Amino acid sequence: MMEAQDRPFTEIASPCIRNCCLDDQDICLGCLRSLDEICHWSNLDNQQRLDVLTQAAKRKSSRK
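This is the structure:
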């Protein structure tokens with residue numbers, strides 16, 4: 004049986020869709036991440052990335 008530490012680590016990919024345009028609150032209209040979240044993405048661990056994706060999803064639902 005494979006132990007947790009033996010499983011390959013899969014990094015959560017960036018949600019960038021290459022439609023980068025910031026609104027007046029510095030939120031990307033493509034992926035709905037803040038400029039700060041975009042700039043720090045590569046330094047975040049998977050849990051932090053999930054938190055960012057959750058915030059982006061909330062932004063998306065509030066814009067409808």
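Just so we're aligned, residue 4 is where the sequence shown starts under my numbering, counting upward by one.
No residue lacks a Cβ here, since even glycine has one placed at the ideal position from N, Cα and C.
Keep in mind it's a predicted model, so treat the numbers as computed, not measured.
Alpha-carbon spacing of N49 relative to R36, whole angstroms = Along the sequence shown, read from residue 1 onward, the residue named residue 49 stands at position 46. Along the sequence shown, read from residue 1 onward, the residue named residue 36 stands at position 33. Each residue's alpha carbon lies about 16 Å from the other.
ask   = From which residue to which residue does the alpha helix (DSSP H) around S65 run?
value = As a working note, residue 65 is residue 62 in the sequence shown. S65 -> alpha helix (DSSP H) spans N49 to R66.
key: Residue of E40, E14, N22 and R21 minimising C-alpha distance to T57   = In the sequence shown, residue 57 corresponds to position 54, counting from 1. Of E40, E14, N22 and R21, the residue nearest in Cα terms is E40.
ask   = Roughly how many whole angstroms lie between the Cα atoms of Q51 and R66?
value = In the sequence shown, the residue the question calls residue 51 occupies position 48. In the sequence shown, the residue the question calls residue 66 occupies position 63. Approximately 23 Å between the Cα atoms of the pair.
key: Sub-9 Å separation of C19 and G33 beta-carbons   = The count along the sequence shown starts at 1 and reaches residue 19 at position 16. The count along the sequence shown starts at 1 and reaches residue 33 at position 30. Yes. Within cutoff.
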